[in-house]
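Engineer: Attaching a single structure in structure tokens format; questions to follow.
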DNA sequence: AAGTGGTCTAGACCACCGA
DNA sequence: CGGTGGTCTAGACCACTTT
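Encoded structure:
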């Protein structure tokens, strides 16, 4: 076997196998994995190879390692899911906890940008969630969320919690792992002005997000408009 | 020796030593490091320990590893320094290469936000660079850059290239490794409107950046205002 | 004390690069 | 071909957690 083309390191093959088990929930969130030794024995590789695979999963936040205890499938707790993707902060960097109120849900056909972002066919349905989020008791963010109706059956007839990604995981078995956001400055329209309590034409920060699951499939499209007179969107570049 | 308090893994001590050598330029940018075997022999540790240290430097982009060739101190090339921190893109994600024109430099006392961000005393000087950056031939970004004058002697009497971080490295020995950015939406003032060719009060995306060197010291404060009618600021969240 | 992940070592072999 | 980093193994010991 001198063939080089299809070469793939052992630890990556092991890694792929673990990802599959997590994705199909044979290892459900919060569960402790077998020990490295046990996994190594099961797969017939060395402990070091299992470790390399688990380390790479840990850097992606798919698992958590706790010395002396074991390795655990990452669970989406409300606090974590909030801070992982919520980039709004006070100028200077202080973290914020928004509240969510007035959420309204609806089932309707996808719009064009939603079809494109969510890779939906022409006449498919989405569940739309609209809400205003408050910071320090004042309205600050107005957002519209759209998810494919076929993967979120009944979501339109259910109360919406503040941290919606925990709901995706607990009730629909969907893990939001990554997201792309595009930011631009726009002028507040009449509806924005009323919802956020600002003058019409006030500059707002518009954030358009597409969120992806463990398999890289688009799960959610979201557009938020933020009053950034007292808030900022904070980014760390490395 | 049952003491646990001052425990620090060997590979991290090795890593720290390498960082020091890079920071004080005993290993200048672009240079190939000794091989892992040679470093291991020099330090009296195993090759695996050296490897772990180098791997961690590689994930921070302090060094680059090239299989079959060696490990090299990362050099700030114009293209790289541009794309590492330049987050403006076309809607949909396509990368952009801006040009920079009309750069003007000035030496003056630091303003209050600059003193705070750059940790300067009350009456210290900065070099200010103002310029308008173009995309597709049209003005798109107006920015003001301030750096501590004492670390950038003569910068105010020198032409400013498009990719300024390559200049920081080559002429001042300063590596910009990370940066914080805060974004908000603002209304274009008269100067913005004129420089960018937009109507007054047009919503602009304002980006305030503080950049840091290898030792975590603030190196640069920068404020950019972008016309986002045809552009976006793109972020990937993991 | 027992079990987990974390560190460290030593050595073998593989893939990649350039002469 | 020789030298580099990349992978894989096997085993020892350390630090952390729970029993």
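Chains as they are written, first to last, in the working numbering: chain A, 26 to 263; chain Y, 26 to 263. Cβ coordinates follow ideal geometry from the N, Cα and C atoms, glycine included.
#1: Between the Cα of residue 249/Y and the Cα atoms of 98/Y, 242/Y, 198/Y, 258/Y, which residue gives the shortest distance?
#2: Could you tell me which residues DSSP puts in a beta bridge with residue 126/Y?
#3: Please name the residue in 107/Y, 130/Y, 131/Y whose C-alpha comes closest to that of residue 120/Y.
#4: Which stretch, first to last residue, makes up the beta strand (DSSP E) that contains residue 95/A?
#5: Examine the Cβ distances between the segment 147-166 of chain Y and the segment 198-218 of chain Y and report whether three or more of them are shorter than 8 Å.
#6: Would you say the segment 93-105 of chain A touches the segment 187-196 of chain Y, given that touching needs at least three Cβ pairs under 8 Å?
#7: Shorter than 9 Å from the beta carbon of residue 71/A to some beta carbon of chain Y?
#8: How big is the Cα-Cα spacing for residue 80/Y and residue 223/Y?
#9: What number of angstroms, rounded off, separates the C-alpha of residue 253/A from the C-alpha of residue 226/A?
#10: Which residues in chain Y sit within 7 Å of residue 35/A, going by Cβ to Cβ distance?
#11: For the alpha helix (DSSP H) that contains residue 106/Y, what are its first and last residues?
#12: When DSSP builds the beta bridges, which residues end up paired with residue 211/Y?
#13: For residue 74/Y versus residue 36/Y, is the C-beta spacing smaller than 9 Å?
#14: Looking at residue 199/A: is its Cβ nearer than 9 Å to the Cβ of residue 87/A?
#15: Is the beta carbon of residue 68/Y sitting closer than 9 Å to the one on residue 44/Y?
#16: I'd like the list of long-range same chain contacts for residue 206/A, defined as Cβ closer than 6 Å, with 5 residues on each side in sequence excluded.
#17: Within 9 Å of any Cβ in chain Y, is that where the Cβ of residue 13/A sits?
#18: Report yes or no: is there a C-beta of chain A within less than 9 Å of the C-beta of residue 122/Y?
#19: Select from the segment 227-238 of chain A all residues with a C-beta closer than 7 Å to any C-beta belonging to chain Y, and list them in chain order.
#20: Taking only beta-carbon positions, decide if residue 32/Y is within less than 9 Å of chain A.
#21: DSSP beta-bridge partners for residue 146/A?
#22: Identify each residue in the segment 131-159 of chain Y for which the Cβ-Cβ distance to at least one residue of chain A is less than 7 Å, and report them in chain order.
#23: Quick one, are the C-beta atoms of residue 95/A and residue 71/A less than 9 Å apart?
#24: When you compare the CB of residue 245/A with every CB in chain Y, is at least one pair closer than 9 Å?
#25: Of the residues 103/Y, 118/Y, 142/Y, which one's Cα is nearest the Cα of residue 242/Y?
#26: With 9 Å as the threshold, decide whether the Cβ of residue 249/A is near any Cβ in chain Y.
#27: Taking the C-alpha atoms as reference points, what is the distance between residue 184/A and residue 219/Y?
#28: Are the C-beta atoms of residue 78/A and some chain Y residue less than 9 Å apart?
#29: Go ahead and label residue 177/A buried or exposed: buried means 16 or more other beta carbons lie within 10 angstroms of its beta carbon, across all protein chains shown.
#30: Assign residue 253/A to one of three DSSP states: helix, strand, or coil.
#31: Give, in chain order, every residue of the segment 183-211 of chain Y whose Cβ lies closer than 9 Å to some Cβ of chain A.
#32: Determine which residues share a DSSP beta bridge with residue 163/Y and list them.
#33: If we cut at 9 Å on Cβ distances, does residue 253/Y have a partner in chain A?
#34: Using a C-beta cutoff of 9 Å, does residue 126/A count as contacting chain Y?
#35: Are any of the Cβ atoms in chain A nearer than 9 Å to that of residue 109/Y?
#36: Name, please, each residue of chain A whose Cβ falls closer than 9 Å to the Cβ of residue 259/Y.
Structural biologist: Put simply:
#1: 258/Y
#2: 157/Y
#3: 107/Y
#4: 95-98
#5: Because the criterion of three Cβ pairs below 8 Å is not met, the segment 147-166 of chain Y and the segment 198-218 of chain Y do not touch.
#6: no
#7: no
#8: One alpha carbon belongs to residue 80/Y, the other to residue 223/Y, and they sit about 48 Å apart.
#9: Those two C-alpha atoms are separated by around 13 Å.
#10: Per Cβ cutoff of 7 Å: no residues; residue 35/A is ~17 Å from chain Y at best.
#11: 103-110
#12: 229/Y
#13: yes
#14: no
#15: It is not a contact, given that the beta carbons lie outside the stated cut-off.
#16: 232, 234
#17: Nothing about residue 13/A can be read from this structure; chain A reaches only from 26 to 263.
#18: no
#19: 228, 229, 230
#20: no
#21: Looking at the DSSP assignment, residue 146/A forms no beta bridge with any residue, so it has no partner.
#22: From the segment 131-159 of chain Y, no residue has a Cβ closer than 7 Å to chain A.
#23: It is not a contact, given that the beta carbons lie outside the stated cut-off.
#24: No - not a single Cβ of chain Y is within 9 Å of the one on residue 245/A.
#25: Nearest option by C-alpha distance: 142/Y.
#26: no
#27: 49 Å
#28: no
#29: buried
#30: coil
#31: 202, 203, 204, 205, 206, 207, 208, 209, 210, 211
#32: 160/Y
#33: yes
#34: no
#35: yes
#36: Under the 9 Å cutoff, chain A gives 205, 206, 207, 208.
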